[in-house]
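Everything below concerns the one structure shown next.
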Amino acid sequence: MRGTGITLLAGDAHPGLAQHIARLTEATLIPATVSAFADGETRVRIEADLQDADVYIVQPTSTPTNERLMTLALLADAARAAGALRVTAVVPYFGYARQDVRKSAGEPRSAAIAARLLSNAGIDRLVTVELHSPALESAFPMLLVQLEADEAMLPVVRGWAIPDLAIVSPDAGGLKRAQRYAAALDAGLAVVVKTRPRPDVAVALQVLGEVRGRACLIVDDLASTGRTIVGAAQALVAAGAREVHALFVHPVMAPEALQLICAGPVQRLVSTDSVPTQPDPRLEIVSLAPLLAKTLKRLSASEGRTPSASQAT
């Protein structure tokens, strides 16, 4: 495990994804034990010598988010103690993104706190996929490699071969993502203008863009309660859309979210395995392992060079 090769460590959040990445990179997948003391306190142990190893820890901060984050920090510290030369956290889904700015006194900047915790635990670099907000990039004190999921998702949409396609952003904040997909697919572009009266509640107002008689694909970074997608789909149907489909990068869905989405006018759903999900015929899952494996190979090959603070693939 010495030298410049990739040494992969699977956290407890998504071991299947870690194993897939290990196969694609031909990396050494080292064992680690994640358990708990009697009072629920997380306990980790790495069963390997990591002296001078370039270690990559795969651990999205999926539910339960607090435990996944703390486990990642403990694994990083343990890897350092075992002699790791450098530690990179591979966090396809990075949580704590909803309080990215301090809107009023008495509110934390959750993402900044989480990022500092990981940095203090010994993480030199973090690889993630499509942060919830562009403003989050400045929250990371370590080197950040932010990837876009387009490479994984676009072939699926092309395979649908849908005529008269319009790409729809469910809000103004996701418009740049929708523009990327519209350009890549030579499709139309629309946006649903909405308000959010309180957290996790969105109210769609109107559709800007031509959708009448067209097939619409809603493109978003995540689905949590499902209400944003359902509201956007209903607004599109009301505006004359012929059919509605939805694509979201992170399936961090609350209980009943998938049922809520499927009860509405959405016909097809596709997402990634950035977090583990239960198999369901209503939701197509595309693996991010090839994208992450390619990125890890690139980072490992350029180990002797200083990467930029933020990169996108």
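FYI, the numbering for the sequence shown is 0 to 312, going by numbering that gives the first Met the number 0. We treat Cβ as the ideally placed atom computed from N, Cα and C, and that holds for glycine. Quick caveat: nothing in here was measured; it's all calculated off a predicted structure.
Give the DSSP-derived three-state secondary structure of residue i in the structure shown.
| i | result |
| --- | --- |
| residue 117 | helix |
| residue 50 | coil |
| residue 185 | coil |
| residue 1 | Confidence at residue 1 is low in this model, with a pLDDT of 41, below 50, so its placement is unreliable and no value can be given for it. |
| residue 265 | strand |
| residue 37 | coil |
| residue 124 | strand |
| residue 111 | helix |
Within 10 angstroms of the Cβ of residue i, are there 16 or more other Cβ atoms? Answer buried if so, exposed if not.
| i | result |
| --- | --- |
| residue 313 | The structure shown does not extend to residue 313, since the chain is modelled only from 0 to 312, so the question has no answer here. |
| residue 162 | exposed |
| residue 145 | buried |
| residue 155 | exposed |
| residue 77 | buried |
| residue 3 | Residue placement at residue 3 cannot be trusted, given a pLDDT of 42 that sits under 50; what the coordinates show is reported in the next sentence. Exposed, by the Cβ-count rule. |
| residue 226 | buried |
| residue 301 | exposed |
Looking at the unbroken beta strand (DSSP E) that takes in residue i, where does it start and where does it end?
| i | result |
| --- | --- |
| residue 244 | 242-249 |
Quick one, are the C-beta atoms of residue i and residue j less than 7 Å apart?
| i | j | result |
| --- | --- | --- |
| residue 210 | residue 263 | no |
| residue 265 | residue 232 | yes |
| residue 84 | residue 10 | no |
| residue 208 | residue 182 | no |
| residue 171 | residue 135 | no |
| residue 118 | residue 133 | no |
| residue 12 | residue 59 | yes |
So the alpha helix (DSSP H) residue i belongs to, where does it begin and stop?
| i | result |
| --- | --- |
| residue 294 | 288-300 |
| residue 144 | Unbroken run through residue 144 is the beta strand (DSSP E), 142-146; no alpha helix (DSSP H). |
| residue 78 | 64-80 |
| residue 149 | 149-159 |
| residue 229 | 226-237 |
Using DSSP bridges, identify the partner residues of residue i.
| i | result |
| --- | --- |
| residue 85 | 53 |
| residue 207 | 190 |
| residue 97 | BP columns for residue 97 are empty, so no partner. |
| residue 217 | 167, 245 |
| residue 285 | 271 |
| residue 23 | Answer by DSSP bridge pairing: none, since residue 23 is not bridged. |
| residue 42 | 34 |
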